[in-house]
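Written out below as structure tokens is the structure these notes cover.
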Amino acid sequence: MTTMFDKLWQDHVIAGELGDPQLLFIDLQLIHEVTSPQAFEGLRMNHRQVRRPDLTFGTMDHDVPTENIFNIQDTIAKAQIETLEKNCQEFGITLAKIGDSRQGIVHVVGPERGLTQPGKTIVCGDSHTSTHGAFGALAFGIGTSEVEHVLATQTIWQTKPKTLGVKVTGQLPHNVFAKDIIMGLIGKYGVAFGQGYAMEFYGPTIEAMSMEGRMTICNMCIEGGSKTGMVAPDATTYDYVAGREYAPKDMAKAIDYWKKYKTDDEADFDKIIEFDVSELAPMITWGTNPGMATSVRGSLPAIADADDQKAYDYIGLHPGMRAEDIPLDYIFIGSCTNGRYEDLKTAAAFMKGKHIAPNITAWVVPGSRAVRNRCMEEGIAQTFIDAGCEWREPGCSACLAMNPDKVPAGKHCASTSNRNFEGRQGAGARTHLASPAMVAAAAVAGHFVDISQQAVNA
Amino acid sequence: MEAFVKETSKAIVIPNDDIDTDILIPKQFLKNILRTGFGISAFYPWRYNEDGTKKMDFPLNQKEHAGATILITGNNFGCGSSREHAVWALTDYGFRAVIAGGFSDIFFMNSTKNGLLPIILPEADRAILRECQADEDVTIDLEAQTVSFRDHVFHFEINPTWKEKFLKGQDDISLTEQYEAQIEAYEAKRPVFK
Ligand code: SF4
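Line by line, the protein sequences give chains A and B. Residues in the first sequence are numbered from 30 upward in steps of one, following our numbering. Residues in the second sequence are numbered from 647 upward in steps of one, following our numbering.
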């Protein structure tokens, strides 16, 4: 009897003993412009080839401009993008370039293309690679030297972590979403509860959840300190994968194999946490790490330690304030956490026939070209535009502000992304994480509102 | 990676303790696409004036030190951020070994990944090495684990795994390449769904 994680791990071990670093085979490496250039240069310096270009896929996302994606002003961004193009060409790697219908944020593109599949080991030089675990894959972020190692050998040395079962139960209340679950978990257990563990999310609430919701949860599990998170594949997973560009043509055969990726008995986990969502309220962050999260209904917490004090000083708020009194200036809808079709559709429902408040600048940045196109075909984009939002080209954008999309110093931004660190959205920028619905409703009201009390049906 | 067996070279002495990665390579140089090209920015804050001109009293700028591949320095070398660029700056400048009182863990690991030999010697030995003039050579013999200078021979310790890696010029990738047969066997039997 064993966990899904144990099975995934065991099925990929090539060499090494348990407890020591073990050599794992990697089924898919995703690459992007920022963390790959030195890896390719290393290959070149040592006259090495990419071992499995067929198991490598590249896209451009971290520093692409989103206003005019073809007009890159920043010379370093331009060099990184051109270098990725050159490297992929030289080493025979498929690349979704700017303008390509498949381009977008690496963690949106992998699933969307059907590259992300149950049972795979997936790595990328980006910490939010855990997103792909939502499909029952073993997926984690790696550093540049490791990117080079995987390019050259299609393997990686890793020491096996312990397993943490996160059992999610209860019916999600009206207008409370997957984002609120993961924020609620991190708010309750802190930013380190997953350290040293591989997390598996399971239970009736997860089983009832869409792939998009599962991806949001796995995406942010690293904000809880874990390197990887996963959900066992089921009919929802198979339905999502089927028919996509790189999905198996013979799905029946694949599913027959993928079925084994489940935890036999929850007693197999090294540790279990249970989280009941039936009373969960929409969440926001008030501080400078994702653990500084609170219900939109409550007031901002008291100062418990020096970190809280530092966070309050940076964010310019004080304990006891109500969430709705946070003076928002910007809203950002997008990122690999919440830049998918379902996220944008949900957000649009809160803006339909309405206009954003005069104090708000709103950026809506689809996670991929495919998401963008679909939203334009279905009128979702028009809803945002009519509401007064800026409808942008796909990329990471204000999630990490490596491109020109920077929130000015001192300004507050309600954001659907995953990190509210100091300076993350621009030097001095003040980030408040929330679900797409919460952020959209805040744009309309001009401040946070408790959407669980609103009639809008997302 | 180039093998490190024996190195005889001029040495540069920068005796300070706690030289951090911001000094080795400041963050404005990180947004690069290459692992090379960092050498001219190595020790930037100590090597250049604010207007970008060279400080001629700094050894890396002095002609008589040109071509030196051995750096002799103080305790806790390479502390600060985890940036691999700090090692890239030194190797790109041309250094092949750093002799220090100690290294930060991350810098040490990064240097083993990039062929920069980190040697730990006690203060008494380094005090003698610091006398090294621009026209004198220092010899590092990795097999014998010794540093020789004038008529002194200093012994140093090194983990056998790292020693082997440097002697053979193996980086992590070449170590993994020894598992080629196993990797191929794995590839042959892994499930592929088309
Ligand atoms: S959207 Fe943000 S978190 Fe996601 S890959 Fe891009 S920068 Fe990283």
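Even for Gly, the Cβ is constructed at its ideal location relative to N, Cα and C. All figures in this text were calculated on a predicted structure; none of them were measured in a lab.
What is the DSSP secondary structure of residue i, counted as helix, strand or coil?
i, result
"Ser464 of chain A", "coil"
"Ser426 of chain A", "helix"
"Ile171 of chain A", "coil"
"Tyr825 of chain B", "coil"
"Ala456 of chain A", "coil"
"Lys811 of chain B", "helix"
"Trp5 of chain A", "Because chain A here runs from 30 to 487, residue 5 of chain A falls outside it and cannot be looked at."
"Leu346 of chain A", "coil"
"Gly219 of chain A", "coil"
"Gln51 of chain A", "strand"
"Cys442 of chain A", "strand"
"Arg742 of chain B", "coil"
"Ile360 of chain A", "strand"
"Glu419 of chain A", "strand"
"Glu62 of chain A", "coil"
"Cys778 of chain B", "coil"
"Pro764 of chain B", "strand"
"Trp227 of chain A", "It is worth fixing the name first, because residue 227 of chain A is Ala in this sequence and not Trp. Looking at Ala227 of chain A - three-state DSSP - the assignment turns out to be strand."
"Lys191 of chain A", "strand"
"Asp305 of chain A", "strand"
"Ser750 of chain B", "coil"
Just checking: is the beta-carbon of residue i within a distance shorter than 9 Å of some beta-carbon in chain A?
i, result
"Glu810 of chain B", "no"
"Pro837 of chain B", "yes"
"Gln779 of chain B", "no"
"Ile679 of chain B", "yes"
"Ala822 of chain B", "According to the sequence provided, residue 822 of chain B is Thr. The question's Ala does not apply to it. At least one chain A Cβ lies under 9 Å of Thr822 of chain B."
"Asn756 of chain B", "yes"
Please say whether residue j and residue i have beta carbons closer to each other than 9 Å?
i, j, result
"Val138 of chain A", "Ser307 of chain A", "no"
"Glu241 of chain A", "Arg369 of chain A", "yes"
"Ile60 of chain A", "His41 of chain A", "no"
"Gly148 of chain A", "Ala166 of chain A", "yes"
"Glu295 of chain A", "Lys196 of chain A", "yes"
"Pro311 of chain A", "Ser328 of chain A", "no"
"Ile122 of chain A", "Thr85 of chain A", "yes"
"Ala790 of chain B", "Arg772 of chain B", "no"
"Asp92 of chain A", "Asn432 of chain A", "yes"
"Phe741 of chain B", "Thr667 of chain B", "no"
"Leu309 of chain A", "Leu429 of chain A", "no"
"Ala340 of chain A", "Asn367 of chain A", "no"
Note down the Cα distance separating residue i from residue j, rounded to an integer number of angstroms.
i, j, result
"Gln58 of chain A", "Glu229 of chain A", "22 Å"
"Leu52 of chain A", "Gly439 of chain A", "47 Å"
"Ala68 of chain A", "Ser481 of chain A", "47 Å"
"Phe99 of chain A", "Val79 of chain A", "29 Å"
"Asn447 of chain A", "Ala416 of chain A", "25 Å"
"Gly48 of chain A", "Thr292 of chain A", "21 Å"
"Pro764 of chain B", "Glu653 of chain B", "13 Å"
"Pro768 of chain B", "Leu670 of chain B", "22 Å"
"Arg796 of chain B", "Val784 of chain B", "8 Å"
"Thr173 of chain A", "Ala331 of chain A", "40 Å"
"Pro672 of chain B", "Met89 of chain A", "26 Å"
"His178 of chain A", "Gly382 of chain A", "52 Å"
"Thr234 of chain A", "Ala264 of chain A", "15 Å"
"Pro691 of chain B", "Ala261 of chain A", "52 Å"
"Gln828 of chain B", "Ala834 of chain B", "10 Å"
"Asn492 of chain A", "Pro356 of chain A", "Within the shown structure, residues of chain A are numbered from 30 to 487, placing residue 492 of chain A beyond reach of any answer."
"Gly408 of chain A", "Ser820 of chain B", "54 Å"
"Arg131 of chain A", "Ala221 of chain A", "35 Å"
"Val206 of chain A", "Lys126 of chain A", "The amino acid occupying residue 206 of chain A in the given sequence is Phe; Val does not appear at that position. C-alpha separation (whole angstroms): 32 Å."
"Lys282 of chain A", "Phe839 of chain B", "8 Å"
"Ala780 of chain B", "Ser655 of chain B", "10 Å"
Tell me whether residue i, by its Cβ, gets closer than 8 Å to a heavy atom of the ligand ZN.
i, result
"Asp434 of chain A", "Looking for the ligand ZN in the displayed structure turns up nothing; the ligands present are the ligand SF4."
Would a check of beta-carbon distances place residue i closer than 9 Å to chain B?
i, result
"Ile43 of chain A", "yes"
"Asn75 of chain A", "yes"
"Tyr286 of chain A", "yes"
"His61 of chain A", "no"
"Glu371 of chain A", "no"
"Leu52 of chain A", "yes"
"Pro118 of chain A", "The amino acid occupying residue 118 of chain A in the given sequence is Gln; Pro does not appear at that position. Answer no: the Cβ-Cβ gap between Gln118 of chain A and chain B never drops below 9 Å."
"Glu513 of chain A", "Lying outside 30 to 487, the shown extent of chain A, residue 513 of chain A is not represented and no answer is given."
"Gly272 of chain A", "no"
"Trp186 of chain A", "yes"
Can you round the beta-carbon distance between residue i and residue j to whole angstroms, since I take them to be within the 8 Å contact cut?
i, j, result
"Cys365 of chain A", "His136 of chain A", "4 Å"
"Lys814 of chain B", "Ala649 of chain B", "6 Å"
"Phe169 of chain A", "Thr245 of chain A", "Incorrect: roughly 17 Å between the Cβ atoms, too far for contact."
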